[in-house]
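Enquirer:
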Amino acid sequence: ISFSQWVSAEDLELKWQKDGLSTSVLLYKNRKVVTEEQQEDYRERVHLYTDLRKGDLSLVIEDVRISDEGKYTCSVKATPGYVSWSPGEVGLVVITPKVMLLFVWWLLFYSRGNRNCISSGASLFFFPHKTTQAFITHVTLDPDTAHPHLVVSADGRRVQNLFKDQRVPDTPLRFDTWHFVLGRESFTSGQQYWEVDVKERADWYLGVVSESAQRKGRVSLKPQSGYWIVRLNSGELTALTDPETTLRLRAISQMVGVHLDCDDGRLSFYSVEDHWHIYTFNGGVTGKLYPLFEPGSEGEELEILATIWQDKGKEILLCLIVSVLLSLLYLTDI
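The sequence shown stops at residue 334 when you use full-length UniProt numbering, and every number in between is there.
1) Please name the residue, chosen from His147, Ser186 and Asp165, that lies closest to threonine 171 on a Cα-to-Cα basis.
2) Given this structure, state the Cα-to-Cα distance separating phenylalanine 163 from glycine 217, to the nearest angstrom.
3) Looking at the secondary structure, which residues open and close the beta strand (DSSP E) in which serine 75 lies?
4) Residues in the same chain with beta-carbon distance under 8 Å from phenylalanine 175, minus the five sequence neighbours each way, listed in chain order, please.
5) Please classify proline 291: does DSSP put it in a helix, a strand, or coil?
6) Considering only residues of the same chain and omitting the five flanking positions on each side of aspartate 142, which have a CB-CB separation below 6 Å?
7) Tell me whether aspartate 19 sits in a helix, a strand or coil according to DSSP, three-state version.
8) Hey, could you find the ends of the beta strand (DSSP E) lysine 29 is sitting in?
9) Look up glutamine 224 in the DSSP assignment and say whether it is helix, strand or coil.
10) How would you call leucine 302, buried or exposed, if buried means at least 16 neighbouring beta carbons within 10 angstroms?
11) In its own chain, which residues sit with a C-beta less than 6 Å from the C-beta of phenylalanine 281, not counting the 5 before and 5 after it?
12) DSSP state of glutamate 303, grouped into three classes?
13) Quick one: Cα of arginine 221 to Cα of phenylalanine 135, how far?
14) Indicate the three-state DSSP secondary structure (helix, strand or coil) for aspartate 144 in the structure shown.
So, in structure tokens, the structure goes:
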């Protein structure tokens, strides 16, 4: 299979199915959605997300219900030698209080193969953005853990890599090889969520580390060593699994959301601006865990956002005022 360039999906036959249902959630063929062969419960609630000419076969589910949870499979049928595929991650994301987006970013490429039917399925990842507000966690940086090249701001929200040793005491808590700094707060139960402004940099590390993990020397940054990390290195996004998992996204996020579920042993990363699911470590994320950060190249700075909605306060207030005014106008008309 050769990966060379994007291909339009307009002339493909596309079918989204849900396990347990005999009819399709959405069927697209002959350049249109075929409602006659669609599960009645999904009619008027589903549609394709973006332009098929760009090869995006994402599915939007509106008015999401508990019964929508499950495993979805996307099947693509084409003429021999037309396309090959590489699936991205799957996510179910709250876009508005009434709308959730189920997306799979399918990359379609020209291929020399002779396949005429390609399909893949994946379990749903849920990113209830509205619900995560309940898990917003106050995270500050602990300068006693910071590599000597790092400088932590007085408020504990920002860290900068100066690539020059600072005069700091060498303690068992401090990293001496990896340019890491940990959060002051540790977590052993419940769910936590924080967001990090990584700006437009080409390098950073984000994740969590177990309290018992080794910090001195060039330790292995893998889950079996107590590290659960997603890394951006020279623009290449990677989950540090064993072996490493290369992640393909349409764009690199400038703001990354980290959701830790200690009870289920799960750690998830999201692109906040685009509502994209980046990666999830499923199971095994256990122990006394600390948030981990690395700002990247010399002079670069990373910032933990103080509150998720702080910068949107005025916008939210304006929306509330407009809502009240519209309500008053409606009552006046009555």
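Glycine included, C-beta positions come from ideal geometry on N, C-alpha and C.
Expert: Reading from the atomic positions:
1) Mapped onto the sequence shown, residue 171 falls at position 171. Distances from the CA of threonine 171 to each of His147, Ser186 and Asp165 were compared; the closest alpha carbon is that of His147.
2) As a position in the sequence shown, residue 163 is number 163, starting the count at 1. As a position in the sequence shown, residue 217 is number 217, starting the count at 1. So the two alpha carbons sit approximately 17 Å from each other.
3) One-based indexing of the sequence shown puts residue 75 at position 75. Taken as a continuous stretch (DSSP letters only), the beta strand (DSSP E) holding serine 75 covers 71–77.
4) Taking the first residue of the sequence shown as 1, we reach residue 175 at position 175. Correct list, in chain order: Thr145, Ala146, His147, Val181, Arg215 and Lys216.
5) Stepping through the sequence shown from its first residue, residue 291 is reached at position 291. The answer is strand: DSSP assigns proline 291 an E or B state.
6) Locating residue 142 in the sequence shown gives position 142, where the first residue counts as 1. Leu182 and Arg184.
7) Along the sequence shown, read from residue 1 onward, the residue named residue 19 stands at position 19. Looking at aspartate 19 - three-state DSSP - the assignment turns out to be coil, as it is neither helix nor strand.
8) Along the sequence shown, read from residue 1 onward, the residue named residue 29 stands at position 29. Counting along the chain, the beta strand (DSSP E) containing lysine 29 begins and ends at 26–29.
9) Locating residue 224 in the sequence shown gives position 224, counting from the first residue. Helix, per DSSP.
10) Against the sequence shown, residue 302 aligns to sequence position 302. It is buried - the Cβ of leucine 302 has at least 16 other Cβ atoms within 10 Å.
11) Against the sequence shown, residue 281 aligns to sequence position 281. Answer for phenylalanine 281: Trp228 and Leu267, listed in chain order.
12) For this step, residue 303 is matched to residue 303 along the sequence shown. Of the three classes helix, strand and coil, the one that applies to glutamate 303 here is strand, per DSSP.
13) Position 221 of the sequence shown, counted from the start, is the residue given in the question as residue 221. Position 135 of the sequence shown, counted from the start, is the residue given in the question as residue 135. According to the sequence provided, residue 221 is leucine. The question's arginine does not apply to it. Whole-angstrom Cα-Cα distance: 26 Å.
14) One-based indexing of the sequence shown puts residue 144 at position 144. Helix at aspartate 144.
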